[in-house]
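Written out as structure tokens, the structure reads:
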């Protein structure tokens, strides 16, 4: 099975993250917070098993075996279970190391003369780096069994699942033959590894990579009587106000060519609209209320219409349809992980949509309607329809968020912050912003026009008191604050002539190329989106 380049990169990133988790808990276990480590008596079996220096090479395979496990992951849920097993095994061992540290008398087993120089160097480095204060249970064995059991669960054909288990047995033996551990450390480590495997399956119980504490099957249902009434009326209004692209008095083409930078900007906005539509589709599937389900479905249709309208603009100007930039590609790829039955994903999407629509309304949409190449009655009509649609989107989402703020206030809402999608979004959104606003600025957009929108979002909890103690909203407030600071600094650098816009637009060209190489054309077809022109893909 061939793996796309971006999948290889993500799996290597997860492997590195897993190593960081191990190192963190390993370092925690070396602190010796409760006194000096205890030396256990050597049993007859400990003394009978010889010191076999060359087995250090098998002992050290855990790093690369874990990479092999990550590279063969089949599904996101498998990856989530593997990371959970690594974290649980590391944390459980670290807890014992801190409370009851143990040491092994390695001085009884000096490195023999005549060893192969490389083996001697490897053993010397191991003994120097791996202090003997965290022997029981063996973290090495715990990780080997936690990884092996999880790894074997997805290998196909089933017979291949025996290979990771055989490897775990070998690693377990080498912890004794390298005289890093007592014999008793091995079964204790195996027990922790089995516990980690069991816990990982409990944490990620379904085919979705959603932790059990977020996948509670809660569906969107308005609880406030006032909101039920407003949603019913809003549904009637939205259904009556549906429109088609044919209603716009489009001009006869072809129209004059557009600036290539403007073409890139419009293309990025097309994908922003498509992403909003995909978000609304998830919220529609997550809704128990018929009014809410229908509204979100209509909103998804509207966002698709907005994107198609922008494609029509490009068509009239005989401009190419381009693939998405890095930021939009990362977000489009993220839809594989979003779960309509995850309370974390539902409220993350519901909160993110109005925040980004506020920024869109304050930024690029007003800018496009005044751009000389687009300023016209027909484009003004198109933008007015978009703005009217998005006013309804905002109204519904704020109702959902306010009720979520009341339901998940304070400590109860902290679990929503344990959603991995938040971290992935924090990585993607800056690239989305760079893709859009660096292009807009090169066309004459002024960053200062965003500051009022940032201020509006920052003060929103004064209008909606339920947001004051809603932890997820505070994440977005921090995002808003960071965006405001970045905008203020960027505007200042522009005034001083220290921000070279051409450099940033050239940089986005590089990230665009990276996105094409990483995802190719398959990402758009997977999302059911039109393929870009071949000349630009």
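Numbering (the numbering used here), first residue to last: 162 to 698. In this text, a Cβ means the ideal position worked out from N, Cα and C, and glycines have one as well.
If you draw a straight line from the alpha carbon of residue i to that of residue j, how long is it in whole angstroms?
i           : j           : result
residue 593 : residue 492 : 9 Å
residue 437 : residue 339 : 56 Å
residue 363 : residue 634 : 29 Å
residue 417 : residue 405 : 25 Å
residue 375 : residue 369 : 11 Å
residue 208 : residue 171 : 45 Å
residue 256 : residue 588 : 32 Å
residue 272 : residue 647 : 57 Å
residue 466 : residue 458 : 13 Å
residue 175 : residue 248 : 12 Å
residue 463 : residue 430 : 14 Å
residue 676 : residue 216 : 43 Å
residue 529 : residue 535 : 7 Å
residue 306 : residue 428 : 49 Å
residue 631 : residue 444 : 20 Å
residue 200 : residue 294 : 9 Å
residue 699 : residue 389 : The structure shown has nothing for residue 699, since the chain only spans 162 to 698.
residue 366 : residue 260 : 31 Å
residue 549 : residue 512 : 20 Å
residue 551 : residue 667 : 32 Å
residue 419 : residue 611 : 25 Å
residue 319 : residue 486 : 40 Å
residue 607 : residue 361 : 49 Å
residue 586 : residue 280 : 45 Å
Helix, strand or coil: how does DSSP classify residue i here?
i           : result
residue 413 : coil
residue 700 : No answer is possible for residue 700: it lies beyond the span of the chain, which begins at 162 and ends at 698.
residue 264 : strand
residue 381 : strand
residue 227 : helix
residue 502 : coil
residue 199 : strand
One question on the structure: do residue i and residue j come within less than 8 Å of each other, judged by their Cβ atoms?
i           : j           : result
residue 618 : residue 651 : no
residue 628 : residue 621 : yes
residue 599 : residue 669 : yes
residue 578 : residue 636 : yes
residue 496 : residue 682 : no
residue 297 : residue 251 : no
residue 242 : residue 498 : no
residue 450 : residue 382 : yes
residue 559 : residue 515 : yes
residue 220 : residue 353 : no
residue 265 : residue 190 : no
residue 680 : residue 542 : no
residue 267 : residue 288 : yes
residue 473 : residue 385 : no
residue 441 : residue 468 : no
residue 424 : residue 481 : yes
With a threshold of 16 other CB atoms inside 10 Å of the CB of residue i, please say whether the residue is buried or exposed.
i           : result
residue 329 : buried
residue 309 : buried
residue 348 : exposed
residue 654 : exposed
residue 407 : exposed
residue 500 : buried
residue 664 : exposed
residue 373 : exposed
residue 490 : buried
residue 351 : buried
Which first and last residues belong to the alpha helix (DSSP H) in which residue i is found?
i           : result
residue 387 : 386-401
residue 287 : 278-290
residue 187 : 166-190
residue 595 : 581-603
residue 641 : 632-656
residue 213 : Here residue 213 belongs to no alpha helix (DSSP H), and DSSP marks it neither H nor E.
residue 336 : 323-338
residue 345 : That residue, residue 345, is in no alpha helix (DSSP H); it is neither H nor E in DSSP.
residue 421 : 421-446
residue 577 : Element bounds for residue 577: n/a, residue is neither H nor E.
residue 550 : 538-568
residue 489 : 487-495
residue 235 : Premise fails: residue 235 is in no alpha helix (DSSP H) and is neither H nor E.
residue 623 : 621-624
residue 304 : 300-313
residue 205 : 205-209
residue 450 : Run containing residue 450: none; DSSP gives neither H nor E here.
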